[in-house]
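J.: Attaching a single structure in structure tokens format; questions to follow.
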Amino acid sequence: MEQSKPDYDVVIVGAGAAGIGMALTLQKIPGLNFIVLDSGRIGESFHRWPAQTRFITPSFHSNPFGLADLNSITAASSPAVFANAEHLSGAQYAAYLASLVSQHKVPVQTHCKVHHVSADKAQGFLLETANGQIHSRFLIWATGEFQFPDLTPFPGANYCPHYAQVSDWSDFRTGHYTVIGGYESGIDASVNLIKSGCDVRLLVRQTSWDSHNSDDPSICLSPYTRERLHQALLSERLDVCFDVDVTQVAANEDGQFRITARDGRHWQTTQAPILATGFINGGGARQIAELWAWSDEGDLLVSEADESTRTPGLFLVGPQLRQEERIYCFIYKFRQRFAALGTSLAQCLQLDARALQGDNMPWGPFGNNECCGDCEC
Ligand SMILES: Cc1cc2nc3c(=O)[nH]c(=O)nc-3n(C[C@H](O)[C@H](O)[C@H](O)COP(=O)(O)OP(=O)(O)OC[C@H]3O[C@@H](n4cnc5c(N)ncnc54)[C@H](O)[C@@H]3O)c2cc1C
Numbered sequence: 027m028e029q030s031k032p033d034y035d036v037v038i039v040g041a042g043a044a045g046i047g048m049a050l051t052l053q054k055i056p057g058l059n060f061i062v063l064d065s066g067r068i069g070e071s072f073h074r075w076p077a078q079t080r081f082i083t084p085s086f087h088s089n090p091f092g093l094a095d096l097n098s099i100t101a102a103s104s105p106a107v108f109a110n111a112e113h114l115s116g117a118q119y120a121a122y123l124a125s126l127v128s129q130h131k132v133p134v135q136t137h138c139k140v141h142h143v144s145a146d147k148a149q150g151f152l153l154e155t156a157n158g159q160i161h162s163r164f165l166i167w168a169t170g171e172f173q174f175p176d177l178t179p180f181p182g183a184n185y186c187p188h189y190a191q192v193s194d195w196s197d198f199r200t201g202h203y204t205v206i207g208g209y210e211s212g213i214d215a216s217v218n219l220i221k222s223g224c225d226v227r228l229l230v231r232q233t234s235w236d237s238h239n240s241d242d243p244s245i246c247l248s249p250y251t252r253e254r255l256h257q258a259l260l261s262e263r264l265d266v267c268f269d270v271d272v273t274q275v276a277a278n279e280d281g282q283f284r285i286t287a288r289d290g291r292h293w294q295t296t297q298a299p300i301l302a303t304g305f306i307n308g309g310g311a312r313q314i315a316e317l318w319a320w321s322d323e324g325d326l327l328v329s330e331a332d333e334s335t336r337t338p339g340l341f342l343v344g345p346q347l348r349q350e351e352r353i354y355c356f357i358y359k360f361r362q363r364f365a366a367l368g369t370s371l372a373q374c375l376q377l378d379a380r381a382l383q384g385d386n387m388p389w390g391p392f393g394n395n396e397c398c399g400d401c402e403c
């Protein structure tokens, strides 16, 4: 990398909830020079959600009492107020993000994919983008998971549409469908197919709605989805098969599909099964896999400060973040990290981070990890 003055102190890659939320946090630091880049539009992943998909976490304007709306990315804004809705669609949430960008004049370059990143200890980061090279001192990676579905969970998965490739469930012809995967997206697919007049067989490894170990919605089904599952079961159009570990889907000569499970059970279907089997481990961080450390199980490893343990100056925000037992896969979780990351970047750049102090308190608008680990206060 040639010796040159960086174009920016910080580049954020990804203009989703994580990237825009982080940008609005950095904007409170006077003198910090940053930009957000996105390969698509602001909120591109939300634009791509199936038309019928709604937020499972409810939105409510609780901000004036110190509890920011569960889905907000600033202390003052509320998706509930913005959209007049409790469970927003993807399009509504993308519009909420775009309105914050415009209101706060956040510098964002859309349609600017980052193709390659090289890192240099002394110089920072050189990004090869659709709009040319960009040189930054620090890099925040906020590329999410949604655009990185796992399309090969077992042989024959290539015959099956993945949940993240569906734009509208009403495009599916009335008939009988098989959905593989029993967590949020599997139930969402089943519920919406049933609403479109289809019958559904849902193949699940284990129930995510009878979790005895945790009430954490990162692990077990949210109340919103439980309610919808209950209604779907009452319709008698949903057949749930348990303990099914699908090992293969094969296309038969007669145009049908044969699904095989590890215990030898199998099913014959006319329609290609639908994959609701999740996203690649690490999501969009796999695009720069060599700049992160990974565990033997394939999990992304970061320091306590959310920094790559392999590449100093590279930080992660978003749903892939794990800190000990904590899984930050929802907006109300990963937004807790914005202020701490902003503060440490300001310190490195010798800038004034006092404006973030209040946000970084246990009872700040987004809270943080300092309180309520195990207590019952
Ligand atoms: C069906 C579904 C329902 C959900 N419901 C909820 C919910 O109710 N509540 C909740 O809190 N969470 C929910 N989540 C999770 C939530 O959507 C994610 O946690 C959140 O969107 C993550 O935000 P993000 O900004 O990290 O990722 P994204 O919103 O995916 O943003 C990443 C951005 O990075 C861009 N990008 C990727 N690669 C590059 C590149 N190389 N160069 C430039 N740009 C790039 C993408 O275009 C995208 O805009 C849900 C997820 C799904 C799939």
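Per this note's numbering, the sequence shown runs over residues 27 to 403.
All residues carry an ideal CB built from backbone N, CA and C; glycine is no exception.
Using the three-state DSSP reduction, which class does HIS292 fall into: helix, strand or coil?
T.: HIS292: strand per DSSP, three-state reduction.
J.: Rounded to whole angstroms, what is the Cα-Cα separation between THR136 and VAL62?
T.: The alpha-carbon atoms of THR136 and VAL62 are separated by roughly 8 Å.
J.: Starting from the Cα of GLN129, find the closest Cα among ILE353, LEU342, GLN53 and give me that residue.
T.: Minimum Cα distance to GLN129 is reached at GLN53.
J.: Could you have a look at THR369 and say whether DSSP puts it in helix, strand or coil?
T.: If DSSP states are grouped into helix, strand and coil, THR369 belongs with the helices.
J.: Near GLY304, what residues of its chain come up, given a Cβ to Cβ distance below 6 Å and the 5 sequence neighbours on each side ignored?
T.: Closer than 6 Å at the Cβ level, and outside the excluded window around GLY304, lie ASP176.
J.: Could you check what DSSP says for HIS130 in three-state terms: helix, strand or coil?
T.: Residue state, collapsed to three classes: coil.
J.: Tell me the residue span of the alpha helix (DSSP H) that contains GLY212.
T.: Start and end: 210-221.
J.: Taking just the CA atoms, how far does TRP293 sit from ILE38?
T.: Cα to Cα, ILE38 sits roughly 46 Å from TRP293.
J.: From which residue to which residue does the beta strand (DSSP E) around VAL205 run?
T.: Taken as a continuous stretch (DSSP letters only), the beta strand (DSSP E) holding VAL205 covers 202-206.
J.: Report whether the distance from the Cβ of PHE86 to the nearest heavy atom of ligand 1 is below 7 Å.
T.: No, the Cβ of PHE86 stays beyond 7 Å of every heavy atom of ligand 1.
J.: Can you tell me whether DSSP reads TRP195 as helix, strand or coil?
T.: Here TRP195 sits in helix by DSSP.
J.: Got a sec? Which residues, its chain only, sit under 8 Å from ALA311 by beta carbon, not counting five neighbours each side?
T.: If we look at ALA311 and ignore the five residues flanking it on each side, its Cβ neighbours are TRP167, THR169, TRP318, LEU326, LEU342, GLN346.
J.: So for THR251, helix, strand or coil by DSSP?
T.: In the structure shown, THR251 sits in a helix (DSSP, three-state: H, G or I).
J.: Based on the DSSP secondary-structure assignment, which residues constitute the bridge partners of TYR34?
T.: SER162.
J.: Tell me ILE55's beta-bridge partners as DSSP assigns them.
T.: Answer by DSSP bridge pairing: none, since ILE55 is not bridged.
J.: Here's a check: name, in chain order, each residue in its chain whose Cβ is nearer than 8 Å to the Cβ of LEU367, leaving out the five neighbours to either side.
T.: Here the set comprises MET48, THR51, ILE166, ALA331, ASP332, PHE341, VAL343.
J.: GLY150 bridges to which residues according to DSSP?
T.: GLY150 pairs with ASP146.
J.: Please go through the same chain and pick out, in chain order, the residues whose beta-carbon is closer than 7 Å to the beta-carbon of THR369, but skip the five residues on each side of it.
T.: The residues are ALA379, LEU382, ASN386.
J.: Shortest alpha-carbon distance to LEU8 belongs to which of PHE283, ILE314, LEU375?
T.: The structure shown does not extend to residue 8, since the chain is modelled only from 27 through 403, so no value can be given for it.
J.: Quick check on LEU317: does DSSP put it in helix, strand or coil?
T.: Note: LEU317 maps to helix in three-state DSSP.
J.: Return yes when the Cβ of VAL192 is within less than 8 Å of the Cβ of VAL205, no when it is not.
T.: Their beta carbons are not under 8 Å apart, which means VAL205 does not touch VAL192 by this criterion.
J.: Going by DSSP in three states, GLY353 sits in which element: helix, strand or coil?
T.: Looking at the sequence shown, residue 353 is not Gly but Ile. Reduced to three states, the DSSP call for ILE353 is strand.
J.: Residues bridged to VAL266 by DSSP?
T.: Paired residue(s): LEU228.
J.: ALA168 by DSSP, collapsed to three states: which one?
T.: Coil at ALA168, not helix or strand.
J.: I'd like the list of long-range same chain contacts for VAL132, defined as Cβ closer than 6 Å, with 5 residues on each side in sequence excluded.
T.: Excluding positions up to five away in sequence, the list reads ALA49.
J.: Taking ARG284 as part of the beta strand (DSSP E), name the residues at either end of that continuous run.
T.: It spans 283-287 - the beta strand (DSSP E) in which ARG284 sits, taken as one unbroken run.
J.: Opposite GLU333 in the DSSP bridges: which residues?
T.: Paired residue(s): PHE341.
J.: Thinking just about the alpha-carbon of each residue, which of ARG231, SER65, TYR34 is nearest to the one in GLY42?
T.: Among ARG231, SER65, TYR34, the Cα nearest to that of GLY42 belongs to SER65.
J.: Does at least one heavy atom of ligand 1 sit under 7 Å from the Cβ of PHE356?
T.: Result yes, Cβ under 7 Å from ligand 1.
J.: Restricting to Cα atoms, I'd like to know which of TYR185, TYR250, SER321 is closest to LEU114.
T.: If we check each option's Cα against that of LEU114, TYR250 comes out closest.
J.: Please determine, among GLY290, ASP280, ALA258, LEU255, the residue with the shortest C-alpha to C-alpha distance to VAL270.
T.: When only C-alpha atoms are compared, the closest one is GLY290.
J.: Compute every distance between the C-beta of PRO345 and the non-hydrogen atoms of ligand 1, then say whether any falls below 7 Å.
T.: Indeed, a heavy atom of ligand 1 lies less than 7 Å from the Cβ.
J.: Around the Cβ of ARG163, are there at least 16 other Cβ atoms within 10 angstroms (buried) or fewer (exposed)?
T.: So ARG163 counts as buried.
J.: Under the three-state reduction of DSSP, which class applies to PHE392: helix, strand or coil?
T.: Coil.
J.: Is DSSP giving GLN362 helix, strand or coil here?
T.: In the structure shown, GLN362 sits in a helix (DSSP, three-state: H, G or I).
J.: Relative to the alpha-carbon of SER98, which residue among PHE356, ILE245, ALA276, ASP214 has its alpha-carbon at the smallest distance?
T.: Closest by alpha carbon: PHE356.
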